[in-house]
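The structure under discussion appears below in the form of C-alpha cells.
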Amino acid sequence: MKVNATINGMKRVLDVQPDEYLVDTLRRYNYLSVRRGCDTTSCGVCTILVDDQPVPSCAYLSVRADGKTITTVEGIPKHAEKLSEHFGETGADQCGFCNSGIALSVYALQKSGKGITDETLRHYLVGHLCRCTGYQAQHQAIKKYLGDSDE
Amino acid sequence: MSKSFKAVNVKTPSIDGKGIMMGRPAFTDDLALKDSLIIKVLRSPHAFAKIVSIDTKKAEELAGVEIVLTHKDFKRNAYTRAGQGYPEPSPHDKFPLDEYVRYVGDEVAAVAAVDEATALEALSLIEVEYEKLTPVLDFEQAKGHESIIHPEEDIYEMFPIGFDPKKNVAAAYSMEVGDVERTLKESDVVVEESFYTQAQAHVMLEPHTVNAHIDYQDRLVLYSATQTPFHVRRILSQTLEIPLSKIRVIKPRVGGGFGGKQAIHGEMLAAAITKRTGKPSKLTYTRKEVFESSCTRHPMRLDMKIGATKDGKITGIDCYGLSDTGAYGEHALTVFMVTGSKVLPLYNKVDSVRFHGDVVYTNTVSSGAFRGYGAIQGNYALESIVDMLAEKLGMDPMELRQKNMILENETSPIFEIMGEGTEGTAMNMDSCKLDYCVKRGMELIDYKNKYPKRKVSDHKVRSIGGAIAMQGSGIPYIDMGAAILKLNDDGFYNLMVGATEIGQGSDTILAQIAAEQLGVDVSKVIVYSSDTDLTPFDPGAYASSTTYVSGNAVLKAAKEMRSMVIAEAARSLEVDIERIEFDGEVFRVKGEDDKITLSDLSNRLYYNEDQKQLVATGSYYGTKSPPPFMAGFVEVEVDLETGEYDVLDYVSVVDCGTTINPELARGQVEGGIVQGLGMAVTEDVHYAKNGKLITSDMLNYKIPTNLTLKKLTTEFADSYEESGPYGAKSVGEIGIDTPPAAIANAIYNATGVRIKTLPVTSEKILKRLKDKEI
Ligand code: FES
Ligand code: FES
C-alpha cells in the first residue's frame, strides 16, 4: 500500500504492509533513530511526533500515517543538540537508547507552551522508561533546557 | 588528599551524548546490512522435555526460508554462555541447540528467512514431538531431586567448582574462619533468620541484538550488543570450531547491559547461520524473549545467624546460601561466592565467620551476571539481620554498624580466602571512608530527628532505614585490560581500548585519564571501543573493572606516549631529554627560548624529518581489588491502612576514590540505586504452575518509572586509592547494593513488620499487619 506522509519536512511516499507498524516502516526507510524497546507499548523508546503529538510508533499502524506530518529526532537537530548539552551538564547521559524519544516528547512539550513543575514533568514523561539513569539527572537537564529556551 | 587535576575529576560532558541524542546510527541493529536474513527461534513450551522427533521439512520448503537449524545440525561441543575469562569458573553445560529443553523459552530450532513474517510462519511449520519430563521448579527441592536436569554425560567443569549435575548441583562452596558454631554458642545474643531474593530481570532498553556477515576477506564479522566482545569471539571459535583468526566481533553503541549482555545470547545462532549460508543475518530478541530466554539475577535463600556480646561487639556470622542458577550454570559459583566475599568483610572484627552452600539447577530461566552480582543478595540478608540484632541489643543500628564495620588500613581474612571462583587476594583497605559515609549520610537524611519514625497523620508514618555496602574493582590476577595510544599529525591522539562502553561512560572517563596524563583537552583524545580486530584485549564491562583495570592500562599507555613525544622533541630541539619541559601542547628547553609545539612536532614526524609513527601500549591486571564503599539511607512514607508506601528520598554517600567524572559517577550511583529500588520495591517475578514466566513483559514486570521516587541525594567522600588511576576505584555496581535492606529496615521501623522475601510489596506489608492484629 502507498502512504503519503511528510517526514521531517519532506514529502515521502511509503510502501507499507497493511499490518505494519510505523516503527518498522521508518527503520526500513532509514530513519534509524526510531528504535524498538518492547512489544507492549510500555517503554517510549519508539516515540515519534505525529502532527506534533508524541506517539509510540510501535502501536501506530503505518497506513494511518497517510496525510500526516511525522517528526523523528533527525527532524529536530538543533533542539536535540541543545537538549544534549544540558544532558551533558547534569550527567544525564548513559546508554542513550531512551534519549531520542525523550527529546521528541520534550520538544512537543516546549512547543505546546505549557508551563511545568517538577510534578507535572514527571507525569508528562511517565511513558518514557529509562533503566540507566534513575531519572533525576534527566529531569534536571530537561528543566534547564526548558528554562533556557523560554528566555 | 585530593589533588588538583585538569581533565579528571572535573565536569566533562560525555564525549558521545550529542550524537546519540541526535539519533545518529550507532546501535547494533542500525548497522545491520540491509538484506540480512531475519532469524527467529522456536522456543520450548515445556519446562523440561526431550525432543523425540523434529521435522523441519515443511518449514524448509516455505518460499523465502534460507535455513532451518536443529540440534542435529551441531556437533556436540558443550560451552558456557557466561562470557568470562578462560578457563571459565562456570560449567560447560550448554549446547548451541540440544535434544533436551530445560525451561519454557529454551531454544528448540532456528529459522532464517527473507523477512520476519516468513521466518515466523516457518517456525509454525516445524513439527516437534516432545517427551515431557518432570520439571524441577522449586529450587529448595532441586538438590537430589529424582528429576535430573542435566543427565547428559558430555558436560563438564573446567576446574573444581563443586559441579555435581546428577544431584542438580551446578556448584558448591564452603569456607570458614574460626569456629562459628562455637562462637555463636558463646555469644550473649544470637539472631537467626532466612531471607529470600527474587530473579530480578535486567530490562536494559536495547534488547539483545546481533548481526553477522562474511566480509571480503572471507571472515565472519559480527556486530553485537555485548559487554564482552573478546570472550564472544573466543566462545564462538571454540564451540563452532572456526579459527579465532577468522572471526571479528565489533561492539557498537550498546543500549545498557547491567550484566545481562556479559553472556552470549543470539551470537551463536547468528554466527552459525551466516557461516553456513554465507549470507548476512540478524537476530533481535523480542522483549518477551529478553525476559523469558536471556538470564536473570540468581534467586537465593540465605539463612543467617549473627552473634554479639551484650555491649554490641559482633562475634560471629554464619551464612548458609542456596542459589538457583536456573536451567544453566552461568556464573553459578562466582555469583554465589561474591554473596559472601563482598558482604561479610563489612564486619571484619568477628571471631568466626562461615559461608557455605549450593547452587542448584532448576527448570526456570537461567540466572547469570547482574550488577551487584551476589553482593545485593548478601547485602539484603546481612544488613537486615544487623538491624534485627541491634533491636535485640537495644542499640541504635547505625551505632552497631559504626562499632563493628571495617575501617581504613584494616583487613579481613576473607579477602585472601575468597576470590571469584578461585582463592582470593589478601589486601589492606588502603582507602576506606566508610566511617565518613555513614556519618555524612546520617546528617543528610537527618537521622537524629527522623529515626526511627514520625507520625504524619492518623494512618501515615514516615520512617528511616539504612544499610552499608562494599563491592570490588576488577578480578585480581585474572582480568587484564589493555590500551593503545596513537599520535596523529597535528598533535591529537587516538585511544583504542578493548574496554566496553555500554552506556556507563567508559569511553569518556578513559579519554579523561589519557588527557590528564598527556596534558591535553579531552577533545584531543579520540576513543574507539571495542573491536577484536582493532583494539587491544580487554575482558569487557563486568566486575566493576573498567575504571580501575582498563583505566590503569590507559594511564600506562599515556605515560609511555608522553615519554615518547618528549624524546622526539629532545631530538628535534637537539638537547637532552632531561632539559625538556612539556605542558601537553608545547615543549620548551629549560632556561632557553627554544620550543616546539606538539602539533609541529607531529607534522615533522609524519612528513619531514625522523619520520615515524608513535604508538604506545599499556596493559594492566590488578593485584588487588580495592572495594568502593557506601552508606545508603532511605526515607519512606507508609500508609498503615493499605501497606502502600512512597520512597521520599534516597541518600547515598559513596567512597569510590577519585571520581574521574563526577557527574557520570553520580549517574552510576543513582542508576544503581534506582535499579536496587526496583528489586526492593516493584520488580516482582511470577511463574505459572507449569514453569512459564508470567512476568515476561513490561506491563507485568514493573521497573521504576519517572514517578517511582521523589528524590535522590548523592555525595562522594573525599578519598584517594593509591593503586587506582588518579586515585580512582570502581563505581559501576556499588549503588545497587543497599536499597533492598534499607527499604526492609525502613518498613520495619514504620510498621514493626519485617519483610524477609523480596520485593517488599504493599500486599506483603498489609498481610503481615493484618496477621499481627489477630
Ligand atoms: S517500543 Fe516500547 S513503547 Fe514502542
Ligand atoms: S539512558 Fe539507557 S535507558 Fe535511558
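Listed in order, the protein sequences are those of chains A and B.
When the count follows my numbering, it moves up by one through the first sequence with no breaks and lands on 151 for the last residue.
When the count follows my numbering, it moves up by one through the second sequence with no breaks and lands on 1774 for the last residue.
Using N, Cα and C, we set each Cβ at its ideal position, and we do this for glycine too.
Checklist entry - Assuming B/Thr-1751 and B/Val-1638 make a contact with CB atoms under 8 Å, what is their CB distance in whole Å? => result On the second sequence, residue 1751 of chain B is found 751 positions in, with the first residue counted as 1. On the second sequence, residue 1638 of chain B is found 638 positions in, with the first residue counted as 1. Between the beta-carbon of B/Thr-1751 and that of B/Val-1638 there is about 6 Å, and that keeps the pair under the 8 Å contact cut.
Item to check | For B/Ala-1109 and B/Ser-1044, the rounded distance between their alpha carbons | outcome: Here residue 1044 of chain B refers to the residue found at position 44 when the second sequence is read from its first residue. Here residue 1109 of chain B refers to the residue found at position 109 when the second sequence is read from its first residue. Each residue's CA atom was taken as its position, placing B/Ser-1044 and B/Ala-1109 some 9 Å apart.
Next on the checklist: Counting only Cβ pairs nearer than 9 Å, list the residues of chain B close to A/Ser-42.
Outcome noted: Along the first sequence, one-based indexing puts residue 42 of chain A at 42. Using a Cβ-Cβ cut-off of 9 Å, A/Ser-42 is close to Arg-1287, Asp-1697, Met-1698 and Leu-1699 of chain B, given in chain order.
Checklist entry - How would you label B/Met-1204, buried or exposed, when you count the other beta carbons within 10 angstroms and need 16 or more for buried? => result Looking up residue 1204 of chain B in the second sequence gives position 204. So B/Met-1204 counts as buried.
Checklist entry - Is B/His-1356 helix, strand or coil by DSSP? => result Here residue 1356 of chain B corresponds to residue number 356 of the second sequence, with the count starting at 1. B/His-1356 falls in the strand class under three-state DSSP.
Checklist entry - Taking C-alpha atoms, which residue in B/Gly-1255, B/Asn-1603 and B/Asp-1387 lies nearest to B/Lys-1193? => result The residue given as residue 1193 of chain B occupies position 193 in the second sequence. According to the sequence shown, residue 1193 of chain B is Glu rather than Lys. Looking at B/Gly-1255, B/Asn-1603 and B/Asp-1387, the one whose alpha-carbon comes closest to that of B/Glu-1193 is B/Asp-1387.
Checklist entry - What separation, rounded to the nearest whole angstrom, lies between the Cα atoms of B/Leu-1434 and B/Leu-1407? => result For the purposes of this step, residue 1434 of chain B is identified with residue 434 of the second sequence, where counting begins at 1. For the purposes of this step, residue 1407 of chain B is identified with residue 407 of the second sequence, where counting begins at 1. Between B/Leu-1434 and B/Leu-1407, the C-alpha separation is close to 7 Å.
Checklist entry - Taking buried to mean at least 16 other C-beta atoms within 10 Å of its own C-beta, is B/Ile-1577 buried or exposed? => result What you label residue 1577 of chain B is simply residue 577 of the second sequence in a count that begins at 1. Under this definition B/Ile-1577 is an exposed residue.
Next on the checklist: Please state whether the Cβ-Cβ distance between B/Thr-1617 and B/Arg-1233 is less than 7 Å.
Outcome noted: By 1-based counting over the second sequence, the position of residue 1617 of chain B is 617. By 1-based counting over the second sequence, the position of residue 1233 of chain B is 233. Cβ distance not < 7 Å, so B/Thr-1617 and B/Arg-1233 don't count as in contact.
Checklist entry - Would the beta-carbon of B/Glu-1516 fall within 7 Å of that of B/Val-1008? => result Here residue 1516 of chain B refers to the residue found at position 516 when the second sequence is read from its first residue. Here residue 1008 of chain B refers to the residue found at position 8 when the second sequence is read from its first residue. Yes. Within cutoff.
Checklist entry - Candidates A/Asp-19, A/Tyr-21 and A/Val-3: which alpha carbon is nearest A/Val-13's? => result Against the first sequence, residue 13 of chain A aligns to sequence position 13. Measuring C-alpha to C-alpha distances from A/Val-13 to each of A/Asp-19, A/Tyr-21 and A/Val-3 identifies A/Val-3 as the nearest.
Next on the checklist: Applying the 10 Å Cβ sphere with the 16-neighbour rule, what's the burial state of B/Arg-1182?
Outcome noted: What you label residue 1182 of chain B is simply residue 182 of the second sequence in a count that begins at 1. It is exposed - the Cβ of B/Arg-1182 has fewer than 16 other Cβ atoms within 10 Å.
Item to check | Delimiting residues of the alpha helix (DSSP H) encompassing B/Asp-1435 | outcome: Counting from one through the second sequence, the residue named residue 1435 of chain B turns up at place 435. B/Asp-1435 -> alpha helix (DSSP H) spans 1434-1445.
Item to check | Members of the region 97-108 of chain A near chain B, C-beta cut-off 9 Å | outcome: Using a CB distance below 9 Å, the part of the region 97-108 of chain A facing chain B consists of Phe-97, Cys-98, Asn-99, Ser-100, Ile-102 and Ala-103, ordered along the chain.
Checklist entry - What residue ranges within the region 1465-1514 of chain B form continuous beta strand (DSSP E) runs of no fewer than 3 residues, ordered along the chain? => result Entirely contained in the region 1465-1514 of chain B, the beta strand (DSSP E) runs reaching 3 residues are, in chain order, 1480-1487 and 1493-1497.
Item to check | Close Cβ partners of B/Ser-1412 (< 7 Å) along its chain, the five nearest in sequence each way excluded | outcome: One-based indexing of the second sequence puts residue 1412 of chain B at position 412. Counting only Cβ-Cβ distances below 7 Å, and skipping sequence neighbours, we find Pro-1345, Asn-1348 and Ile-1406.
Checklist entry - So is the beta-carbon of A/Phe-97 under 6 Å away from any non-hydrogen atom of ligand 2? => result As a working note, residue 97 of chain A is residue 97 in the first sequence. Answer for A/Phe-97: yes, Cβ within range of ligand 2.
Checklist entry - Which residue spans inside the region 1007-1059 of chain B form an unbroken alpha helix (DSSP H) run of at least 4? => result Fully enclosed alpha helix (DSSP H) runs of no fewer than 4 residues occupy 1017-1021 of the region 1007-1059 of chain B, in order along the chain.
Item to check | Where A/Glu-151 falls: helix, strand or coil (DSSP) | outcome: Here residue 151 of chain A corresponds to residue number 151 of the first sequence, with the count starting at 1. Confidence at A/Glu-151 is low in this model, with a pLDDT of 41, below 50, so the placement of that residue should be treated as unreliable; the coordinate-derived value is given next. If DSSP states are grouped into helix, strand and coil, A/Glu-151 belongs with coil.
Checklist entry - Under the rule that 16 or more other beta-carbon atoms within 10 Å means buried, what is B/Asn-1608, buried or exposed? => result Here residue 1608 of chain B corresponds to residue number 608 of the second sequence, with the count starting at 1. Around the beta carbon of B/Asn-1608, fewer than 16 other beta carbons lie within 10 angstroms, which makes this residue exposed.
Checklist entry - Cβ of A/Val-130 within 6 Å of any heavy atom in ligand 1? => result Looking up residue 130 of chain A in the first sequence gives position 130. Sequence inspection shows Cys at residue 130 of chain A; the Val mentioned does not correspond to that position. Taking 6 Å as the cut-off, one finds no heavy atom of ligand 1 near enough to the beta carbon of A/Cys-130.
Checklist entry - Which of helix, strand or coil does DSSP assign to B/Val-1589? => result Residue mapping note: residue 1589 of chain B aligns to position 589 of the second sequence, counting from 1. In the structure shown, B/Val-1589 adopts extended strand secondary structure according to DSSP, grouped into three states.
Item to check | Partner residues on chain A for B/Leu-1707, Cβ-Cβ distance less than 8 Å | outcome: Numbered from 1 along the second sequence, position 707 holds the residue referred to as residue 1707 of chain B. Those are Arg-122, His-123 and Val-126, listed as they occur along chain A.
Item to check | Under 7 Å by beta carbon: chain A residues contacting B/Leu-1712 | outcome: Translated into the one-based positions of the second sequence, residue 1712 of chain B becomes position 712. Within chain A, the residues near B/Leu-1712 are Gly-134 and Gln-136.
Next on the checklist: Quick check: the region 75-92 of chain A against the region 1007-1025 of chain B, are at least 3 beta-carbon pairs closer than 8 Å?
Outcome noted: Verdict: yes, contact present.
Item to check | Distance cut-off 6 Å: A/Thr-41 Cβ against heavy atoms of ligand 1 | outcome: On the first sequence, residue 41 of chain A is found 41 positions in, with the first residue counted as 1. A/Thr-41: yes, Cβ under 6 Å from ligand 1.
Item to check | Residue of B/Thr-1738, B/Ala-1032 and B/Arg-1579 minimising C-alpha distance to B/Ile-1673 | outcome: By 1-based counting over the second sequence, the position of residue 1673 of chain B is 673. Closest option to B/Ile-1673, Cα to Cα, is B/Thr-1738.
Item to check | is_contact[B/Gly-1394, chain A] using C-beta, thresh 7 Å | outcome: Indexing the second sequence from 1 puts residue 1394 of chain B at position 394. Not an interface residue.
Next on the checklist: According to DSSP, is B/Asn-1211 part of a helix, a strand, or is it coil?
Outcome noted: The residue labelled residue 1211 of chain B in the question sits at position 211 within the second sequence. When secondary structure is reduced to three states using DSSP, B/Asn-1211 falls in the strand class.
Checklist entry - B/Ser-1815: buried (16+ other C-beta within 10 angstroms of its C-beta) or exposed? => result Any question about residue 1815 of chain B goes unanswered here, given that chain B covers just 1001 to 1774.
Next on the checklist: ligand 2 and B/Leu-1205: does the residue's C-beta get closer than 6 Å to at least one heavy atom of that ligand?
Outcome noted: The residue labelled residue 1205 of chain B in the question sits at position 205 within the second sequence. Ligand 2 has a heavy atom closer than 6 Å to the beta-carbon of B/Leu-1205.
Item to check | Interface partners of B/Ser-1664 on chain A, CB under 7 Å | outcome: Along the second sequence, one-based indexing puts residue 1664 of chain B at 664. For the sequence presented, residue 1664 of chain B should be read as Leu rather than Ser. Going along chain A in sequence order, the residues near B/Leu-1664 (Cβ under 7 Å) are Gly-91.
Checklist entry - Could you give the uninterrupted runs of the alpha helix (DSSP H) lying entirely in the region 1547-1588 of chain B, keeping only those of 4 residues or more? => result Complete alpha helix (DSSP H) runs here, min 4: 1551-1573.
Checklist entry - In whole angstroms, what is the alpha-carbon distance linking B/Pro-1135 and B/Tyr-1373? => result Your numbering for residue 1135 of chain B matches position 135 in the second sequence. Your numbering for residue 1373 of chain B matches position 373 in the second sequence. Their backbone Cα atoms lie some 27 Å apart in a straight line.
Next on the checklist: What residue range does the beta strand (DSSP E) around B/Tyr-1607 cover?
Outcome noted: The count along the second sequence starts at 1 and reaches residue 1607 of chain B at position 607. For B/Tyr-1607, no beta strand (DSSP E) encloses it, and the DSSP letter there is neither H nor E.
Checklist entry - At what residues does the alpha helix (DSSP H) containing A/Tyr-107 begin and finish? => result Counting from one through the first sequence, the residue named residue 107 of chain A turns up at place 107. 99-112 is the extent of the alpha helix (DSSP H) around A/Tyr-107.
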